[in-house]
Each structure stands twice: as C-alpha cells, then as structure tokens.
Amino acid sequence: MEPNRNSVHRYGLFLLLWGNFETLIDYLITTQLKITHLQGHIVCGGLQFGAKAAMLKSLLNIKSEPDKEGVRLISDVISSAERNFLIHGIPTFDKPSGDMFFSKRSVANNINVKVKSFTEDEMKEHLDKFIAAISRVEDHFGHSAEDFTDFIITARMLSYKSKT
Numbered sequence: 008m009e010p011n012r013n014s015v016h017r018y019g020l021f022l023l024l025w026g027n028f029e030t031l032i033d034y035l036i037t038t039q040l041k042i043t044h045l046q047g048h049i050v051c052g053g054l055q056f057g058a059k060a061a062m063l064k065s066l067l068n069i070k071s072e073p074d075k076e077g078v079r080l081i082s083d084v085i086s087s088a089e090r091n092f093l094i095h096g097i098p099t100f101d102k103p104s105g106d107m108f109f110s111k112r113s114v115a116n117n118i119n120v121k122v123k124s125f126t127e128d129e130m131k132e133h134l135d136k137f138i139a140a141i142s143r144v145e146d147h148f149g150h151s152a153e154d155f156t157d158f159i160i161t162a163r164m165l166s167y168k169s170k171t
C-alpha cells in the first residue's frame with residue numbers, strides 16, 4: 008500500500024488546515040463572548056468540535072442582528088471538508104493509482120462502513136475548495152491575523168506554565 012506522495016502531502020495539509028480552522032472557531036467564540044484569550048481557551052479547550060461549532064452558530068444567531076451569512080459560511084466549511092471521513096476514517100492507498108480511500112465505521116446494533124475515495128486530482132480539488140471556504144470565513148469576520156496569532160501563542164504559553 009504505497010501512497011502517492013502528492014496525495015499524502017495534501018492530506019497532511021488538510022489535517023493542518025482543519026486544526027487551524029478548529030482553532031479559528033475557538034477564537035471566534037472568544038471574540039463573540041468578548042472574553043480574554045485565556046478564558047477562550049478555558050471555555051473551548053475541552054469541547055468537541057461539533058459542540059464548539061454549534062455554540063458559535065448560536066452566538067451568531069442570537070445577536071441583535073443575527074449573522075446569518077457567518078453561520079452559512081461556517082456551515083459551508085464544515086460540509087465541504089468531509090471531515091468525518093478524513094479525520095475519523097481509516098486511510099488506505101491504492102498503489103498503482105495512488106488513490107486514497109477512507110473507511111468510516113459506525114456501530115449501532117451492527118457495523119456499518121462507508122468508503123470515500125479521492126484520486127490525486129480530486130484530493131487537490133477538495134483541498135482547494137476547503138482553503139477557499141476557510142478564506143471566505145476569515146474575510147467575513149475580518150479578524151486581525153495578529154490577534155489570532157496571539158490567541159494561538161496564548162495556548163502555547165499555557166503549555167509552558169502547565170509543566171511547572
């Protein structure tokens with residue numbers, strides 16, 4: 008099962024971008040609640056992604072002028088990501104073609120397996136669409152790249168603090 012290098016690199020980039028998007032959700036919750044970065048990490052740190060996404064969309068919907076466009080853009084990223092397959096699926100590779108397969112298992116009285124496959128070109132297209140969807144979220148909320156970086160650095164600084 009020799010993977011195609013380009014597909015694996017794109018898959019790795021997807022994982023990095025997904026982690027960044029999830030951190031962006033944490034950051035947007037923090038800004039919507041108007042709390043400090045430390046408080047934002049405390050609020051979001053132990054929550055699963057689905058709970059955080061639902062919280063952010065709820066916060067956007069209860070504003071005096073609901074941010075329906077923000078909710079739609081976040082939902083677009085989530086649906087376009089096919090996250091459950093790519094994060095929770097078992098990755099395998101077809102050696103001759105370089106295609107990637109993700110087998111997503113679920114168990115409820117019986118086992119059910121769904122498979123999603125990507126050719127090298129499909130993985131590139133998927134990644135391009137995912138990046139574009141994230142960019143639309145970033146543009147919509149217009150957050151400062153500097154402040155978002157500070158939010159990330161706060162988490163890293165907490166790791167040093169927790170070692171003492």
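The numbering used here puts the first residue of the sequence shown at 8, with every later residue one more than the last.
Using N, Cα and C, we set each Cβ at its ideal position, and we do this for glycine too.
Check	Outcome
Considering just the uninterrupted stretch of the alpha helix (DSSP H) at I81, what are its terminal residues?	75-88
Once you ignore the five residues that flank R143 on each side, which residues in its own chain have a CB closer than 6 Å to its CB?	L80
Below 8 Å on the Cβ atoms is my contact criterion, and I expect K59 with D83 to pass it. Report the Cβ-Cβ distance as a whole number of Å.	17 Å between Cβ atoms; not a contact.
In terms of residue numbering, what span does the alpha helix (DSSP H) encompassing N27 cover?	12-40
Where does the unbroken alpha helix (DSSP H) through K136 begin, and where does it stop?	127-148
Looking at H147: is its Cβ nearer than 8 Å to the Cβ of E76?	yes
Would you kindly work out how many angstroms separate the C-alpha atoms of F109 and S71, rounded to a whole number?	42 Å
By the DSSP assignment, the alpha helix (DSSP H) with S65 in it spans what residues?	56-68
For a test of the three-state rule: what should DSSP assign to N119, helix, strand or coil?	strand
Count the other CB atoms within 10 Å of the CB of Q46; is the residue buried (16 or more) or exposed (fewer)?	exposed
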